[in-house]
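Since the structure comes first, as structure tokens, the remarks are kept for the end.
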Amino acid sequence: MNGAERLVIVRYGEVGLKRGNRALFEKLLKRRLADALRGERHGGIERPHGRILVRAAADPWAAAERAARVFGVTSTSPALSAPREPQAIEAAASFALEEALARRGCPDGSGLTMKVESTRADKSFPLGSMELSRRVADAVLSRFRGFGVRMKEPDLTVGIEVRTDEALVFAERLRGPGGLPVGSLGRAVALLSGGIDSPVAAWLAMKRGLLVELLHFHAPPFVGEASREKALDLARALSRYGGRLRLWIAPFAAVQTAIRDGAPDPYRTLLYRRAMNRVAARLADSSNARALVTGESLGQVASQTLENLACIEDAAGRMVLRPLLTYDKEETIALARRIGTFEISSRPHPDCCTLFTPARPKIRGRLEELRDIEETLALEPLLESCWEGRELAHLAHGELLPPAPPGIAADRPGSGGER
Ligand code: ATP
Ligand code: MG
Numbered sequence: 007m008n009g010a011e012r013l014v015i016v017r018y019g020e021v022g023l024k025r026g027n028r029a030l031f032e033k034l035l036k037r038r039l040a041d042a043l044r045g046e047r048h049g050g051i052e053r054p055h056g057r058i059l060v061r062a063a064a065d066p067w068a069a070a071e072r073a074a075r076v077f078g079v080t081s082t083s084p085a086l087s088a089p090r091e092p093q094a095i096e097a098a099a100s101f102a103l104e105e106a107l108a109r110r111g112c113p114d115g116s117g118l119t120m121k122v123e124s125t126r127a128d129k130s131f132p133l134g135s136m137e138l139s140r141r142v143a144d145a146v147l148s149r150f151r152g153f154g155v156r157m158k159e160p161d162l163t164v165g166i167e168v169r170t171d172e173a174l175v176f177a178e179r180l181r182g183p184g185g186l187p188v189g190s191l192g193r194a195v196a197l198l199s200g201g202i203d204s205p206v207a208a209w210l211a212m213k214r215g216l217l218v219e220l221l222h223f224h225a226p227p228f229v230g231e232a233s234r235e236k237a238l239d240l241a242r243a244l245s246r247y248g249g250r251l252r253l254w255i256a257p258f259a260a261v262q263t264a265i266r267d268g269a270p271d272p273y274r275t276l277l278y279r280r281a282m283n284r285v286a287a288r289l290a291d292s293s294n295a296r297a298l299v300t301g302e303s304l305g306q307v308a309s310q311t312l313e314n315l316a317c318i319e320d321a322a323g324r325m326v327l328r329p330l331l332t333y334d335k336e337e338t339i340a341l342a343r344r345i346g347t348f349e350i351s352s353r354p355h356p357d358c359c360t361l362f363t364p365a366r367p368k369i370r371g372r373l374e375e376l377r378d379i380e381e382t383l384a385l386e387p388l389l390e391s392c393w394e395g396r397e398l399a400h401l402a403h404g405e406l407l408p409p410a411p412p413g414i415a416a417d418r419p420g421s422g423g424e425r
């Protein structure tokens, strides 16, 4: 539509509910949006009451799609700003609808239902909300003849928001992930394997406002480059939601070999996982993270009984969050598909945890036994070299970023990842 300003309306839910922290949360959300919109041309992000507006968006659909991936956002709409005159609003509504229909591949609205919904923040507007809605509905129905009208759950709702200095008009809502802005609840270390579960667990932790430091244990030469690529690709997929992310890759083969050679078979998995948690705890200390996040789910595999989870957690020395604890595998898979990690996780490359898996793993581990075995294994120096050998990759918006220039300390919190 000639001359009309294009913009994006961003709606958020829970963020607004946190009373004392509200302003802080909104500010963080705005920052996450700015970050997600990097590369999109727009005229600035405003934060009028209860809403965020991305003004003068060069490509409002692309911007709305990107914004709809930001945690804390419940929905977004590509919109137009029209003068506060009924005719201008009608024209904007037609235009918004035309775009929405084209995108749905149904240019005249055939077989679809719609309604018009108006709100007035400014009550001085000459028409009442109902009257305005009716007028606009008449106008668009005379143009898109295929439409049916339906008040309850129509396919499309044309929205009109009359503000003091403009009317915002839109016809499509893109669903956001909800949750809370990443970083609003602090930091955690998320253990990322090449499996289906852990990326979903990390995503859920991010969704609840945690900034995650991803940690992957890699075991060359037992597993190849492809396993490492898989972890990187998973991290890339997650970074589409989380602004910037850091993935730490730590070499685990020596630790695994020592456990394989020195410990009774049934205890291997528990010992691997305890060793992983020890290294993860170090990363948590160095990056100011209060908790670990894992993809463990109760009863999913032999290592995931309450007894075993307790044995594994003991080595973490801090809170371990398990967002998938109560998920059935099907539920996890459905979510993995939705967030775009399932395909990557399904690549047939082994993960180091599947190496040397015992034929009969211990179902109910006992802590004292594990500690006694660990005494004999002398793992400390190996864990130390695992930690020292860690590498760092930075990711943002689905891309791997070039390595930080030398001289910039990589593992200080905030030195690449953000708050
Ligand atoms: P996943 O599908 O996430 O691998 P899983 O059901 O296969 O989970 P396990 O292999 O026992 O279960 O792993 C339990 C958790 O331990 C994982 O969800 C992950 O958080 C962590 N983990 C396992 N292997 C690794 C690894 N190589 N690097 C980092 N974390 C790992
Ligand atoms: Mg696994």
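In this text, residue positions in the sequence shown follow this note's numbering: the first is 7, and each later residue adds one. Even for Gly, the Cβ is constructed at its ideal location relative to N, Cα and C.
What number of angstroms, rounded off, separates the C-alpha of residue i from the C-alpha of residue j?
i, j, result
"Met7", "Arg343", "37 angstroms"
"Cys112", "Lys236", "39 angstroms"
"Arg90", "Glu172", "5 angstroms"
"Ala143", "Arg53", "29 angstroms"
"Arg328", "Phe131", "52 angstroms"
"Pro227", "Ser391", "16 angstroms"
"Phe188", "Ala316", "Phe is not the amino acid found at residue 188; the sequence shown has Val there. The straight-line gap from Cα to Cα measures roughly 28 angstroms."
"Asn27", "Leu186", "12 angstroms"
"Glu394", "Val76", "34 angstroms"
"Pro257", "Glu167", "55 angstroms"
"Gly115", "Lys36", "35 angstroms"
"Gln306", "Lys335", "8 angstroms"
"Ala225", "Gln262", "8 angstroms"
"Thr275", "Ala29", "46 angstroms"
"Ile350", "Ser199", "12 angstroms"
"Asn294", "Thr80", "29 angstroms"
"Thr332", "Leu304", "6 angstroms"
"Phe348", "Ala243", "10 angstroms"
"Ala340", "Ser352", "13 angstroms"
"Gly184", "Ala68", "19 angstroms"
"His55", "Val326", "37 angstroms"
"Ile345", "Glu313", "31 angstroms"
Need the endpoints of the beta strand (DSSP E) that residue i sits in, please.
i, result
"Gly165", "Leu162 to Val168"
"Ala40", "Segment Arg28 to Ala42 is the alpha helix (DSSP H) holding Ala40; no beta strand (DSSP E) there."
"Ile202", "Note, Ile202: premise wrong, no beta strand (DSSP E); not H, not E."
"Ser303", "Run containing Ser303: none; DSSP gives neither H nor E here."
"Tyr273", "That residue, Tyr273, is in no beta strand (DSSP E); it is neither H nor E in DSSP."
"Ala256", "Arg250 to Pro257"
"Phe228", "Note, Phe228: premise wrong, no beta strand (DSSP E); not H, not E."
"Met120", "Thr119 to Arg126"
"Glu374", "That residue, Glu374, is in no beta strand (DSSP E); its alpha helix (DSSP H) goes Leu373 to Leu383."
"Ala10", "That residue, Ala10, is in no beta strand (DSSP E); it is neither H nor E in DSSP."
"Ile58", "Ile58 to Val60"
"Ala402", "Glu397 to Ala402"
"Glu219", "Leu217 to His224"
"Ala173", "Ala173 to Phe176"
"Leu330", "Element bounds for Leu330: n/a, residue is neither H nor E."
Quick check on the burial criterion: 16 or more other C-beta atoms within 10 angstroms. Buried or exposed for residue i?
i, result
"Ile369", "exposed"
"Leu240", "buried"
"Gly9", "exposed"
"Gln93", "exposed"
"Gly215", "buried"
"Met136", "exposed"
"Asp357", "buried"
"Ala402", "buried"
"Gly50", "exposed"
"Glu405", "exposed"
"Ala99", "buried"
"His48", "buried"
"Gly152", "exposed"
"Gly192", "exposed"
"Ala102", "buried"
"Thr338", "buried"
"Arg72", "buried"
"Gly230", "exposed"
Under DSSP, the alpha helix (DSSP H) around residue i begins and ends at which residues?
i, result
"Lys335", "Lys335 to Ile345"
"Pro92", "Pro92 to Arg109"
"Pro187", "Looking at the DSSP string, Pro187 is not in any alpha helix (DSSP H), and its letter there is neither H nor E."
"Met136", "Ser135 to Arg149"
"Arg72", "Pro66 to Ala73"
"Pro3", "Nothing can be reported for residue 3, as the shown portion of the chain is limited to 7 through 425."
"Phe348", "Phe348 to Ser351"
"Pro387", "Glu386 to Glu394"
* Taking three-plus beta-carbon pairs below 8 angstroms as touching, is the region 154 to 161 in contact with the region 109 to 121? -> yes
* Just checking, does the region 242 to 259 make contact with the region 192 to 212 on the three C-beta pairs under 8 angstroms criterion? -> yes
* **the region 36 to 50 / the region 196 to 206 touching (three or more Cβ pairs under 8 angstroms)** => no
* Say whether the region 216 to 226 touches the region 73 to 85, bearing in mind that this needs 3 or more beta-carbon pairs closer than 8 angstroms, one atom from each stretch. => no
* Are the region 263 to 270 and the region 376 to 388 touching by the rule of at least three beta carbon pairs closer than 8 angstroms? -> yes
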